[in-house]
Structures are given as structure tokens and as C-alpha cells.
Amino acid sequence: MKSVLLIPATSAAFLHTPGTVALLQESGFDVTIATDAEAFAEYVRIATGKPPVPWTDEFHGYDAVLMAPFSSDYGVPGTDAPLIVAPFLSGGAAAPSIDGATVLVPDGPDAPMGRLGSGRVASPEQCVEAVVTALTPQDFAGRTILLTAGPTIEDADPARFISNRSTGRMGVAIAAMAARRGAKVILVHGPMLAPVPKVQNVVPVAVRSAEQMQEAVLAHIGKADVAILCAAVADFAPDSYSEEKIKKGKSQHFTLQMHRTPDILATVGALPNKPFLVGFAAESNDIRNNALDKLRRKNCDMLCANDILAPGCGFATDTNSLLVFTRDGACTEIPLASKADVANAMLDLVLTYNI
Ligand code: CTP
Numbered sequence: 002m003k004s005v006l007l008i009p010a011t012s013a014a015f016l017h018t019p020g021t022v023a024l025l026q027e028s029g030f031d032v033t034i035a036t037d038a039e040a041f042a043e044y045v046r047i048a049t050g051k052p053p054v055p056w057t058d059e060f061h062g063y064d065a066v067l068m069a070p071f072s073s074d075y076g077v078p079g080t081d082a083p084l085i086v087a088p089f090l091s092g093g094a095a096a097p098s099i100d101g102a103t104v105l106v107p108d109g110p111d112a113p114m115g116r117l118g119s120g121r122v123a124s125p126e127q128c129v130e131a132v133v134t135a136l137t138p139q140d141f142a143g144r145t146i147l148l149t150a151g152p153t154i155e156d157a158d159p160a161r162f163i164s165n166r167s168t169g170r171m172g173v174a175i176a177a178m179a180a181r182r183g184a185k186v187i188l189v190h191g192p193m194l195a196p197v198p199k200v201q202n203v204v205p206v207a208v209r210s211a212e213q214m215q216e217a218v219l220a221h222i223g224k225a226d227v228a229i230l231c232a233a234v235a236d237f238a239p240d241s242y243s244e245e246k247i248k249k250g251k252s253q254h255f256t257l258q259m260h261r262t263p264d265i266l267a268t269v270g271a272l273p274n275k276p277f278l279v280g281f282a283a284e285s286n287d288i289r290n291n292a293l294d295k296l297r298r299k300n301c302d303m304l305c306a307n308d309i310l311a312p313g314c315g316f317a318t319d320t321n322s323l324l325v326f327t328r329d330g331a332c333t334e335i336p337l338a339s340k341a342d343v344a345n346a347m348l349d350l351v352l353t354y355n356i
């Protein structure tokens with residue numbers, strides 16, 4: 002179990018620390034709190050099962066040290082562990098830069114401390130994510146990944162559209178894990194249920210239709226070392242958009258004329274200087290042949306096939322399993338696991354093939 006020393010300063014700790022401690026513990030960390038504040042001691046005992054450690058100038062023996070909320074009235078202690086500092090910023094103050102520390106700039110005005118006048122501090126989620134990132138090997142550092150995720154929506158009229166059941170969870174898991182491992186992620190996503198990871202390394206580009214997704218992908222593809230196209234792009238879109246709601250009238254049947262949307266994966270596969278290209282495929286039968294055919298047709302370097310009939314896989318689940326095919330015909334099975342673990346195993350394979 003990895004250990005985190007949490008050093009809260011400022012009275013904002015009364016609001017901030019309980020959420021941070023709970024989240025650190027949920028993430029599997031052993032939490033110790035350093036404080037001299039008597040009023041805080043009983044809370045610390047209940048929350049962590051041990052008394053607070055007193056403030057000193059040096060803290061050693063922890064895997065990470067998190068100062069949150071930090072006030073510049075306090076000094077920054079010496080430590081041999083990664084140091085993450087979440088300053089409490091009042092009155093629109095800018096975050097200080099601190100030598101040797103990762104300083105967290107609050108996500109936005111809706112950060113939880115917004116209610117303390119104009120004060121802001123990075124949320125417990127942001128703090129814990131920074132701790133996890135500090136303890137994760139940065140094997141994707143220096144790489145940019147262009148990722149598509151979620152469904153696309155093809156509008157028919159102001160009230161109706163064609164789409165699919167994709168929630169975007171697999172794509173979001175890939176974005177979050179790649180960012181944690183040091184990649185810069187450009188996340189081109191359709192309207193999806195899964196929230197976009199609020200981390201500095203993930204740059205979201207929101208689109209709606211397949212056409213808009215293709216436009217955004219082509220606008221950013223030049224920056225990408227790796228492209229992972231995981232979106233469930235609608236295959237067909239209505240031929241025309243009716244500005245007025247289509248009335249049902251007296252008819253008992255309705256036919257919507259549709260056309261094929263652009264195949265974004267095939268378009269990227271045909272680019273002269275394409276990045277290392279990873280496609281996804283939902284298959285129900287003859288997975289190996291269908292997957293290898295898709296990989297070659299769309300000129301991918303890697304193709305991740307989902308057996309949509311296997312239990313625990315596919316849309317709206319927290320888990321997934323993949324069969325990953327490469328150009329040489331090799332197939333690696335990533336067994337059923339959380340989408341985060343599957344994303345990490347898939348990213349490991351990307352590193353193996355795209356050195
Ligand atoms: N894809 C895309 N643009 C489309 C359709 C699909 O980029 N218009 C991408 C998806 O993001 C995914 C892969 O292509 O990476 C899936 O290919 P596709 O041939 O659509 O797979 P299936 O939906 O399984 O299609 P099929 O009907 O051929 O089985």
C-alpha cells in the first residue's frame with residue numbers, strides 16, 4: 002500500500018480535507034495527516050485511525066506528500082517524495098510556482114471552495130489524480146494521442162436524431178490512463194454520458210456529427226504520434242435536415258433516406274504520414290477474420306475487437322475485454338477487467354509496437 006502524507010493548512014481544510022482523505026483512501030492509499038491544529042486532531046484520529054504527526058521542516062518516508070489546501074503563510078517542507086501543492090487562492094490570486102513541486106491550478110470557478118468568498122482550491126478529485134499521476138511511470142511522456150470517443154449524433158429535425166448506445170466510457174478510460182502515463186491527449190468526442198476527465202493533459206474537443214468529428218480529427222491529426230479511434234460513429238446520417246419538426250400527418254409508415262457518413266478511421270489510414278493507428282471493432286461472429294479484414298481495409302497498425310456477445314463487454318458496462326490484432330497477424334487477448342485496466346493493457350501494447 003502506498004503512503005501519502007497530507008498537510009492541510011488554512012481553515013479551508015475543514016471543508017476540503019474530509020473529501021480528500023476519503024478519496025485517497027478509496028484509491029488505496031494509506032493516509033497520514035500532518036497538522037498542529039488542536040481543533041483538527043480528533044477528526045484526524047477518526048478519519049485515519051492514527052493521531053496527526055506534528056509539523057516539521059522535513060518529511061521523509063512517504064511515497065507522496067500533498068499540501069492541500071496550501072497557504073503561502075506556511076513554508077514548503079523538505080521531502081524526498083513527489084510533492085504536490087494545491088494553493089488556496091483568494092481574491093483571484095494566481096497560483097505561485099514552487100520549486101520541485103507540482104502546483105495545482107483549480108479546475109474552475111465551480112471548484113468546491115468557491116463558496117468561501119472568492120477563494121478557490123483544486124478539488125479533492127484533482128488533488129488525488131495528481132498524486133496518482135506522480136506515482137505512475139510516465140512511459141507516454143512526450144507523446145500526443147488523438148482519441149475519438151462516444152457516439153455521434155446525426156440530426157433529422159430539431160427534435161429527432163440517429164445515434165447509438167455508446168456511453169463513451171471506454172474512450173474516456175483510455176484518455177484518463179494515457180494522461181496519467183504522461184501523454185497529451187486530444188479527445189475528440191461526441192455527446193456522451195461519461196464525463197471528460199478534468200486533467201491538464203486531456204484537451205477535449207466536443208463535436209456532434211460524424212462529419213464534425215472527421216473535421217476535428219483532420220484538424221489535429223498532424224500533432225498526433227498515435228491515433229486511437231474508439232468512437233461509435235453513426236454509419237448513416239439523414240440525407241437532409243428539416244428546419245421544422247417533421248409532422249407525422251396521417252401516414253402509418255415513415256422512411257428516412259440516409260447516406261453513409263465519412264469513415265474517419267479509413268480516412269486517417271489513407272493519410273500519407275499517418276500516426277500509429279489503432280481502430281476498434283464491434284464483432285459478434287468470426288472475430289479473427291472480420292477484425293483482420295477491417296485492420297487491413299482501413300490500414301490500421303492495431304485493431305481492438307470487442308466480442309459484443311460476451312458477458313460484461315460492450316456498451317454501458319464498467320468492464321470490457323479485447324482481442325488486439327496487429328498487422329503481423331498476432332493476436333493478444335486482454336481478459337475481462339475494468340475499462341481502466343483494459344485501457345492500460347491496450348496502451349502497453351501500443352508501446353510495444355510503436356517504440
Ligand atoms: N469508424 C470511423 N468512422 C465511421 C465508422 C467507424 O472512424 N464512419 C471507426 C470506429 O471508430 C472504429 C472502427 O471504425 O474504430 C469500426 O469500424 P466499423 O467498420 O464501423 O466497425 P463496425 O461498426 O463493427 O462495422 P461493420 O458494420 O463493418 O461490422
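Position in the sequence shown (first residue = 1) + 1 = our numbering. The beta carbon of each residue, even a glycine, is placed where N, CA and C say it ideally should be.
>> By the DSSP assignment, the beta strand (DSSP E) with G280 in it spans what residues?
In response: 277 to 284
> Quick one, which of G62, L293, V22 has its alpha-carbon nearest N307's?
Replying inline: When each option's Cα is compared against that of N307, the closest is L293.
> Start and end of the alpha helix (DSSP H) containing P125?
Replying inline: 125 to 135
> Grouping DSSP H, G and I as helix and E and B as strand, with all else coil, what is E212?
Replying inline: helix
>> Helix, strand or coil, according to DSSP, for F316 in the structure here?
In response: coil
> Relative to the C-alpha of Y63, which residue among I47, F15, P83, P55 is closest?
Replying inline: P83
> In this structure, what does DSSP give as the bridge partners for L67?
Replying inline: Beta-bridge partners assigned by DSSP to L67: L7, I85.
> Using the C-alpha atoms, what's the distance from A228 back to G92?
Replying inline: The alpha-carbon of G92 is positioned some 41 Å away from that of A228.
> Per DSSP, S339 forms a beta bridge with which residues?
Replying inline: T320
>> With H, G and I counted as helix, E and B as strand and the rest as coil, what does DSSP make of P263?
In response: Correct three-state label for P263: coil.
> What runs of the beta strand (DSSP E), each 3 residues or longer, lie entirely inside the segment 130 to 183?
Replying inline: Counting whole runs of 3 or more residues, the segment 130 to 183 contains the beta strand (DSSP E) stretches 145 to 150.
> Can you name the start and end residues of the alpha helix (DSSP H) that T21 belongs to?
Replying inline: Taken as a continuous stretch (DSSP letters only), the alpha helix (DSSP H) holding T21 covers 14 to 27.
> For G250, which of helix, strand or coil comes out of DSSP?
Replying inline: Secondary structure at G250: coil, using DSSP grouped into helix, strand and coil.
>> Does the structure place the segment 196 to 204 close enough to the segment 242 to 252 that three or more beta carbon pairs sit under 8 Å?
In response: By the Cβ criterion, the segment 242 to 252 is not in contact with the segment 196 to 204, since fewer than three pairs of Cβ atoms, one from each stretch, lie closer than 8 Å.
> If you draw a straight line from the alpha carbon of T333 to that of E59, how long is it in whole angstroms?
Replying inline: 47 Å
> If we ignore side chains and look at the alpha-carbon of each, how far apart do T103 and T353 end up?
Replying inline: 29 Å
>> By the DSSP assignment, the beta strand (DSSP E) with A95 in it spans what residues?
In response: Note, A95: premise wrong, no beta strand (DSSP E); not H, not E.
>> Closer than 6 Å to a non-hydrogen atom of ligand 1 - does that hold for the CB of F89?
In response: no
> If you follow the alpha helix (DSSP H) that V203 is part of, which residue opens it and which one closes it?
Replying inline: Not the alpha helix (DSSP H): V203 falls in the beta strand (DSSP E), residues 203 to 207.
> When the Cα atoms are used, what is the spatial distance from A10 to H260?
Replying inline: 60 Å
> Can at least three beta-carbon pairs, one atom from the segment 173 to 182 and one from the segment 248 to 267, be found at a separation below 8 Å?
Replying inline: Result no; under three Cβ-Cβ pairs closer than 8 Å.
> Just to confirm, does A232 get its C-beta within under 6 Å of one of the non-hydrogen atoms of ligand 1?
Replying inline: The answer is yes for A232.
> Which residues mark the beginning and the end of the beta strand (DSSP E) in which A228 is found?
Replying inline: 227 to 230
> Secondary structure at A306, three-state DSSP: helix, strand or coil?
Replying inline: strand
> Going by Cα to Cα distance, which pick from R46, V54, V45, A135 is closest to D81?
Replying inline: Distances from the CA of D81 to each of R46, V54, V45, A135 were compared; the closest alpha carbon is that of A135.
>> Let me check understanding here. Comparing Cα to Cα, which of P152, P55, G29 lies closest to E212?
In response: P152
> Do you know how far the Cα of L188 is from the Cα of G172?
Replying inline: In this structure, the alpha-carbon of G172 lies about 9 Å from that of L188.
> Which class does G191 belong to by DSSP, given the choice of helix, strand or coil?
Replying inline: coil
>> Could you pull the DSSP bridge partners for I34 from this structure?
In response: Per the DSSP secondary-structure output, I34 pairs in a beta bridge with L7.
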